[in-house]
Amino acid sequence: MEKKPIIGITMGDPSGNGSEISVKALSDPAVYERCKPIIIGDANCMKNAVEFLGKGNEIRIHAVENVKDAVFQHGTIDVYDMKLVDMKKHIYGKVSKMCGEAAFQYVVKVIELAMKNEIDATVTNAICKEAINMAGHHYSGHTEIYADYTHTGKYTMMLAHGDLRVVHVSTHVSLRQACERVKKERVLECIRIANDACKAIRIKEPKIGVAGLNPHCGENGMFGTEEIEEIQPAIDAALEEGIHIPEKKPTPPDSIFSKAIGGWYDIVVAMYHDQGHIPLKVEGFKYNKEQKKWDAVSGVNVTLGIPIIRVSVDHGTGFDLAGTGKCNELSLVNSIDYAIRLAENK
Numbered sequence: 131m132e133k134k135p136i137i138g139i140t141m142g143d144p145s146g147n148g149s150e151i152s153v154k155a156l157s158d159p160a161v162y163e164r165c166k167p168i169i170i171g172d173a174n175c176m177k178n179a180v181e182f183l184g185k186g187n188e189i190r191i192h193a194v195e196n197v198k199d200a201v202f203q204h205g206t207i208d209v210y211d212m213k214l215v216d217m218k219k220h221i222y223g224k225v226s227k228m229c230g231e232a233a234f235q236y237v238v239k240v241i242e243l244a245m246k247n248e249i250d251a252t253v254t255n256a257i258c259k260e261a262i263n264m265a266g267h268h269y270s271g272h273t274e275i276y277a278d279y280t281h282t283g284k285y286t287m288m289l290a291h292g293d294l295r296v297v298h299v300s301t302h303v304s305l306r307q308a309c310e311r312v313k314k315e316r317v318l319e320c321i322r323i324a325n326d327a328c329k330a331i332r333i334k335e336p337k338i339g340v341a342g343l344n345p346h347c348g349e350n351g352m353f354g355t356e357e358i359e360e361i362q363p364a365i366d367a368a369l370e371e372g373i374h375i376p377e378k379k380p381t382p383p384d385s386i387f388s389k390a391i392g393g394w395y396d397i398v399v400a401m402y403h404d405q406g407h408i409p410l411k412v413e414g415f416k417y418n419k420e421q422k423k424w425d426a427v428s429g430v431n432v433t434l435g436i437p438i439i440r441v442s443v444d445h446g447t448g449f450d451l452a453g454t455g456k457c458n459e460l461s462l463v464n465s466i467d468y469a470i471r472l473a474e475n476k
């Protein structure tokens, strides 16, 4: 029998959707057939989610203080209980210092467990950046926390929805700063990381598309020179290393994602946050305007370049729906699946 990977899943902001979608995702016995999941969070929050979802007869919460005490059985959700939330002060959908501190500590703990090899991969539910900053932890997101606590200098974010995959030259910075960060060294670094990421999920010969920064890739310098001065030199260097970039030049941003969906590339190197996020979310987020609900909120976020596996849901805390029982767990299900695949190929 193959060893199942242990997947540590952070609960996310206690005022958000993490506890609810975790209960929904782990209600599926198929998850336990492929891995051993454990929630890093607060047992009382998880119990509350079980109650308002009406799953008290089928799911029990098992609080533990060590991973080795988990039972990893369907019908029982193991929770590494951090005991950080006062349920008398807990309010769904409200930004608070208490929940920001809790969410931050869940992330720190899951990183610690992974670095000690007590778990094989990490999956993160959404945090509220405002809340963790209220708690005194000045990070712009999960990616930066992971980089700091794993002592990693070279890293990037990959978004994935099905066969559409994107890595980013920059993420949580202003658009002005993002343009300034398009430099040959960083673009080349991201091309290399993208190539390695595809190989990690068993794509033997990855095809990589590299987006331009400016409209029409600058039109030979008419609309900007980053393609000529920074991006093309990075592509040339990658080609010399044997990395497969089919077009051998930057591709206009307004067409590269349609080509990627059509199978031209296995992964796209985007130049900044929204350039990569918008097409992924257009593909993965489906809102039913007649029923006024989300039919799908899918897609995952993978941090590349760090020494441990980290996959995250590709959505926020959902404060508007948190605690209602209406939150969609599909992105978390996809994240767990990706974490398993990466752990199996680690």
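In my numbering, the protein residues as written are 131 to 476. A virtual CB, placed ideally from N, CA and C, is assigned to each residue, including glycine.
The alpha carbon of L472 has as its nearest neighbour, out of T252, R306, I365, H298, the alpha carbon of T252.
With a cut-off of 8 Å on Cβ pairs, the region 363-374 is not in contact with the region 239-259, counting fewer than three such pairs. The region 150-195 is shown to contain whole beta strand (DSSP E) runs of 3 or more residues at 166-171, 190-194, in chain order. In this structure, the beta-carbon distance from Y402 to H298 falls below 8 Å.
Of the residues Q235, D199, F202, the one whose Cα lies closest to the Cα of M212 is Q235. Counting every other CB atom within 10 Å of its CB across the protein chains shown gives I321 a total of 16 or more, marking it as buried.
A distance of 8 Å or more separates the beta carbons of S145 and L462.
A direct Cα-to-Cα measurement between V209 and A173 gives close to 6 Å. DSSP assignment within the region 317-378 yields the following whole beta strand (DSSP E) runs of 3 residues or more, N-terminal first: 338-340. For the pair A155 and I466, the CB atoms are nearer than the 8 Å cut-off. When DSSP states are grouped into helix, strand and coil, A244 belongs to the helix group. DSSP places S385 in the uninterrupted alpha helix (DSSP H) bounded by 383-391. Assigned with DSSP and collapsed to three states, S461 falls in helix. Under the three-state reduction of DSSP output, G138 falls in the strand class. Judged by DSSP in its simplified three-state form, D278 adopts helix. Within the DSSP secondary-structure output, V296 pairs in a beta bridge with L289, V398. DSSP places T254 within a strand segment (E or B) once states are collapsed to three. Looking at the backbone, the Cα of V303 and that of A179 are separated by about 34 Å.
The residues Q362, I365, in chain order, have a CB closer than 7 Å to that of K379 in the same chain once the five nearest residues on each side in sequence are set aside. Boundaries of the alpha helix (DSSP H) harbouring I262: 259-264, taken from the DSSP string. When only Cα atoms are considered, E242 and E163 end up about 26 Å apart. In this structure, the straight-line span from the alpha carbon of K423 to that of A452 is close to 14 Å. Between K224 and S157, the alpha-carbon positions lie close to 26 Å from each other. Per the coordinates, the alpha-carbon of I137 lies some 19 Å from the alpha-carbon of S428. Exposed is the label assigned to E335, since fewer than 16 other Cβ atoms lie within 10 Å of its Cβ.
By DSSP's assignment, T433 forms a beta bridge with M287, R440. From the listed residues G292, P382, Y279, the smallest Cα separation to L460 is found for G292. Contact annotation: Y468 and V412 have beta-carbon atoms that are not nearer than 8 Å. Y210 is bridged by DSSP to I170, V194.
No residue range can be given for Q421, since it is assigned to no alpha helix (DSSP H) and is classified by DSSP as neither H nor E.
Comparing alpha-carbon positions, the option among K246, H445, Y222 lying closest to V197 turns out to be K246. Three or more beta-carbon pairs drawn from the region 389-401 and the region 313-328 are found closer than 8 Å, and the two stretches are therefore classed as touching.
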